[in-house]
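Structure, as C-alpha coordinates:
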Amino acid sequence: MEADLKESDSNLLNMTKQLDNANAAQKVATEALEAANKEKRRLLEEARSRDEEISILRKDLANVENGKKETEAGKREVEVRLANAEADFVENFHNTEAYTNFLDYFARVGQQEVLTALKNDHLDFDIKSLEARFPPPDAGSEDDS
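First residue of the sequence shown? That's 53 in the working numbering, and the numbers climb one at a time after it.
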(Lines of atoms letter the chains of each structure in order from A; the text may use other names.)
(Lines give C-alpha, C1' and ligand atoms only; values in the text may rest on other atoms or scores of the structure.)
Protein backbone atom coordinates (compact mmCIF):
# COMPACT_ATOMS: atom_id res chain seq x y z
CA MET A 53 0.00 0.00 0.00
CA GLU A 54 2.87 2.33 0.61
CA ALA A 55 3.91 1.81 -2.98
CA ASP A 56 0.41 2.66 -4.07
CA LEU A 57 0.54 5.77 -1.94
CA LYS A 58 3.89 6.83 -3.39
CA GLU A 59 2.62 6.18 -6.86
CA SER A 60 -0.54 8.11 -6.06
CA ASP A 61 1.54 11.01 -4.68
CA SER A 62 3.75 10.88 -7.75
CA ASN A 63 0.71 10.86 -10.01
CA LEU A 64 -0.77 13.70 -8.01
CA LEU A 65 2.48 15.62 -8.27
CA ASN A 66 2.60 15.01 -12.04
CA MET A 67 -1.01 16.07 -12.38
CA THR A 68 -0.33 19.19 -10.31
CA LYS A 69 2.66 20.04 -12.52
CA GLN A 70 0.59 19.38 -15.63
CA LEU A 71 -2.20 21.55 -14.22
CA ASP A 72 0.30 24.30 -13.37
CA ASN A 73 1.76 24.00 -16.87
CA ALA A 74 -1.72 24.10 -18.39
CA ASN A 75 -2.60 27.13 -16.25
CA ALA A 76 0.63 28.85 -17.31
CA ALA A 77 -0.03 27.98 -20.96
CA GLN A 78 -3.61 29.23 -20.63
CA LYS A 79 -2.35 32.46 -19.03
CA VAL A 80 0.17 32.97 -21.88
CA ALA A 81 -2.52 32.16 -24.45
CA THR A 82 -4.94 34.59 -22.77
CA GLU A 83 -2.31 37.36 -22.71
CA ALA A 84 -1.44 36.66 -26.36
CA LEU A 85 -5.15 36.74 -27.28
CA GLU A 86 -5.64 40.03 -25.41
CA ALA A 87 -2.57 41.54 -27.15
CA ALA A 88 -3.81 40.26 -30.51
CA ASN A 89 -7.29 41.72 -29.88
CA LYS A 90 -5.76 45.05 -28.85
CA GLU A 91 -3.63 45.09 -32.03
CA LYS A 92 -6.69 44.11 -34.07
CA ARG A 93 -8.68 47.04 -32.61
CA ARG A 94 -5.78 49.41 -33.34
CA LEU A 95 -5.51 48.15 -36.92
CA LEU A 96 -9.28 48.38 -37.44
CA GLU A 97 -9.25 51.97 -36.17
CA GLU A 98 -6.32 52.79 -38.44
CA ALA A 99 -8.13 51.18 -41.39
CA ARG A 100 -11.26 53.26 -40.64
CA SER A 101 -9.16 56.39 -40.42
CA ARG A 102 -7.44 55.65 -43.72
CA ASP A 103 -10.77 54.80 -45.33
CA GLU A 104 -12.12 58.19 -44.23
CA GLU A 105 -8.98 59.87 -45.53
CA ILE A 106 -9.31 58.08 -48.88
CA SER A 107 -12.97 59.10 -49.08
CA ILE A 108 -12.07 62.74 -48.39
CA LEU A 109 -9.26 62.63 -50.95
CA ARG A 110 -11.61 61.18 -53.56
CA LYS A 111 -14.09 64.00 -52.91
CA ASP A 112 -11.27 66.56 -53.10
CA LEU A 113 -10.09 65.02 -56.38
CA ALA A 114 -13.60 65.19 -57.80
CA ASN A 115 -13.85 68.84 -56.72
CA VAL A 116 -10.47 69.60 -58.30
CA GLU A 117 -11.49 67.91 -61.53
CA ASN A 118 -14.73 69.93 -61.58
CA GLY A 119 -12.75 73.06 -60.77
CA LYS A 120 -10.29 72.24 -63.53
CA LYS A 121 -13.16 71.91 -66.01
CA GLU A 122 -14.60 75.21 -64.81
CA THR A 123 -11.16 76.82 -65.02
CA GLU A 124 -10.64 75.55 -68.55
CA ALA A 125 -14.07 76.83 -69.56
CA GLY A 126 -13.30 80.17 -67.91
CA LYS A 127 -9.92 80.29 -69.64
CA ARG A 128 -11.54 79.67 -73.02
CA GLU A 129 -14.08 82.40 -72.30
CA VAL A 130 -11.33 84.85 -71.32
CA GLU A 131 -9.31 83.93 -74.43
CA VAL A 132 -12.34 84.61 -76.63
CA ARG A 133 -13.02 87.92 -74.87
CA LEU A 134 -9.34 88.88 -75.18
CA ALA A 135 -9.30 88.03 -78.89
CA ASN A 136 -12.47 90.08 -79.39
CA ALA A 137 -11.05 92.99 -77.40
CA GLU A 138 -7.77 92.86 -79.38
CA ALA A 139 -9.64 92.77 -82.67
CA ASP A 140 -11.85 95.66 -81.54
CA PHE A 141 -8.80 97.64 -80.40
CA VAL A 142 -7.01 97.12 -83.72
CA GLU A 143 -10.16 97.94 -85.67
CA ASN A 144 -10.82 101.11 -83.68
CA PHE A 145 -7.27 102.15 -82.79
CA HIS A 146 -7.47 105.35 -84.80
CA ASN A 147 -10.42 106.40 -82.59
CA THR A 148 -8.70 105.71 -79.27
CA GLU A 149 -7.50 108.45 -76.98
CA ALA A 150 -4.07 106.82 -76.78
CA TYR A 151 -3.65 107.18 -80.53
CA THR A 152 -4.98 110.72 -80.51
CA ASN A 153 -2.62 111.71 -77.69
CA PHE A 154 0.21 109.90 -79.45
CA LEU A 155 -0.45 111.87 -82.64
CA ASP A 156 -0.84 115.11 -80.69
CA TYR A 157 2.43 114.50 -78.90
CA PHE A 158 4.38 113.99 -82.11
CA ALA A 159 2.59 116.88 -83.77
CA ARG A 160 3.74 119.10 -80.91
CA VAL A 161 7.26 117.69 -81.19
CA GLY A 162 7.24 118.57 -84.89
CA GLN A 163 5.88 122.03 -84.11
CA GLN A 164 8.66 122.57 -81.57
CA GLU A 165 11.25 121.58 -84.17
CA VAL A 166 9.80 124.12 -86.60
CA LEU A 167 9.73 126.80 -83.89
CA THR A 168 13.33 126.02 -82.93
CA ALA A 169 14.40 126.20 -86.58
CA LEU A 170 12.60 129.56 -86.94
CA LYS A 171 14.36 130.85 -83.84
CA ASN A 172 17.75 129.73 -85.07
CA ASP A 173 17.38 130.70 -88.72
CA HIS A 174 15.34 133.91 -88.41
CA LEU A 175 16.63 135.80 -85.41
CA ASP A 176 14.60 138.89 -86.23
CA PHE A 177 11.31 136.94 -86.36
CA ASP A 178 9.22 137.19 -83.13
CA ILE A 179 7.87 133.70 -82.40
CA LYS A 180 6.52 134.30 -78.88
CA SER A 181 2.92 134.30 -80.08
CA LEU A 182 3.56 131.02 -81.95
CA GLU A 183 5.17 129.48 -78.85
CA ALA A 184 2.12 130.40 -76.80
CA ARG A 185 -0.15 128.90 -79.42
CA PHE A 186 1.90 125.68 -79.78
CA PRO A 187 3.17 124.62 -76.33
CA PRO A 188 5.92 121.98 -76.01
CA PRO A 189 4.78 118.35 -75.52
CA ASP A 190 5.65 118.25 -71.81
CA ALA A 191 3.61 121.39 -71.12
CA GLY A 192 0.51 119.99 -72.85
CA SER A 193 -2.90 119.27 -71.42
CA GLU A 194 -3.50 116.69 -68.71
CA ASP A 195 -5.16 114.36 -71.26
CA ASP A 196 -1.69 113.28 -72.45
CA SER A 197 -1.21 110.42 -69.98
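Backbone N, C-alpha and C fix where the C-beta goes; we use that ideal spot for every residue, glycine too.
The three-state secondary structure of F158, taken from DSSP, is helix. DSSP places H146 in the helix class (H, G or I) of the three-state scheme.
Excluding sequence positions up to five before and after K171, its CB lies within less than 7 Å of the CB of I179, all in the same chain and listed in chain order.
At a Cβ-Cβ threshold of 7 Å, V161 and P187 do not count as neighbours.
Each residue's CA atom was taken as its position, placing D56 and T68 some 18 Å apart. When secondary structure is reduced to three states using DSSP, F186 falls in the coil class, being assigned neither helix nor strand. In the three-state DSSP reduction, L57 falls in the helix class (H, G or I). Listed in chain order, the beta strand (DSSP E) runs fully inside the stretch 85–147 amount to none, counting runs of at least 3 residues. K92 and G119 have their alpha carbons spaced roughly 40 Å apart. Residue state for L175 is assigned as coil, using DSSP reduced to three classes.
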